[in-house]
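>
This is the structure:
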């Protein structure tokens with residue numbers, strides 16, 4: 004990768020960090036004045052800028068020639084950190100970025116070593132379809148002999164069974180592939196039997 008692109012990626016990361024810091028300061032300093040004007044919460048332009056920067060980073064994560072520099076700039080950590088945000092758009096873009104990155108063996112190993120599977124599994128409960136689809140796909144890519152016990156844990160298999168029955172064709176097809184290619188028949192049977200005795204499960208995303 005040419006130096007110019009590395010500098011551009013660095014500028015994006017810096018812009019994201021500055022936007023986050025500035026946004027927090029503005030939220031604190033403007034809290035009183037905003038409450039005196041209106042009781043309704045309005046989105047901050049800074050939040051939208053933060054979303055746009057993260058979306059750009061996720062798009063760059065699609066290109067394998069950027070992988071080394073995204074690791075150097077700790078973008079994988081940034082994506083993982085964003086999975087616990089309250090902002091659905093930030094979670095969506097971060098999950099999409101991880102999905103793009105984890106096809107690479109080095110990135111896959113990094114995510115696994117960083118205990119990234121758990122927050123990715125938590126994204127299965129998102130009401131955002133794109134986030135859920137990216138999470139399911141990422142779990143597929145992250146499944147290795149070493150990680151399989153975690154990526155195909157019983158709650159995950161139960162979730163995939165429910166997704167496979169969804170009216171959402173995109174999601175049901177993806178979940179069916181997960182069950183067929185990444186789960187053993189005994190795992191699926193155990194999850195199916197358990198599901199018969201409980202109404203608790205990961206909710207389906209909104210259409």
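In the working numbering, the protein residues as written are 4 to 210. C-beta: ideal position from N, C-alpha, C; glycine also.
So, is residue 155 buried or exposed, given that buried needs 16 or more other C-beta atoms within 10 angstroms?
Under this definition residue 155 is a buried residue.
> I need the straight-line Cα distance from residue 123 to residue 129, nearest angstrom please.
One C-alpha to the other measures close to 10 Å.
> Specify, as a first and last residue, the run of the alpha helix (DSSP H) that residue 72 falls within.
70 to 75 is the span of the alpha helix (DSSP H), which, as asked, contains residue 72.
> Quick check on the burial criterion: 16 or more other C-beta atoms within 10 angstroms. Buried or exposed for residue 65?
Classification for residue 65: exposed.
> Going by the CB atoms, is the gap between residue 100 and residue 133 shorter than 8 Å?
No, the Cβ-Cβ distance between residue 133 and residue 100 is not below 8 Å.
> Identify, in the order they occur along the chain, each residue of the same chain with its Cβ nearer than 7 Å to the Cβ of residue 76, setting aside the five sequence neighbours on each side.
So the list reads 12, 13 and 16, once near-sequence residues are dropped.
> Give the DSSP-derived three-state secondary structure of residue 119 in the structure shown.
If DSSP states are grouped into helix, strand and coil, residue 119 belongs with coil.
> Using alpha carbons as the reference points, say which of 135, 70, 148 and 152 lies closest to residue 165.
Checked all of 135, 70, 148 and 152; the closest Cα to residue 165 is 135.
> Thinking just about the alpha-carbon of each residue, which of 182, 70 and 55 is nearest to the one in residue 106?
Ranking the options by Cα distance to residue 106, first place goes to 70.
> Taking its Cβ as the centre, do 16 or more other Cβ atoms sit within 10 Å of residue 7, making it buried, or is it exposed?
Exposed, because fewer than 16 other Cβ atoms sit within 10 Å of the Cβ of residue 7.
> What distance in whole Å lies between the Cβ atoms of residue 114 and residue 73, which are believed to be in contact at a cut-off of 8 Å?
Their Cβ separation, rounded to whole angstroms, is 12 Å, which puts residue 73 and residue 114 out of contact at 8 Å.
> May I have the straight-line CA-CA distance separating residue 18 from residue 55, to the nearest angstrom?
One C-alpha to the other measures close to 11 Å.
> Assuming residue 104 contacts residue 94 (C-beta within less than 8 Å), just tell me the rounded distance between them.
With a Cβ gap of about 16 Å, residue 104 and residue 94 do not count as contacting.
> Among 167, 160, 175 and 177, which residue has its Cα nearest to the Cα of residue 196?
Residue 160 is the option with its Cα nearest to residue 196.
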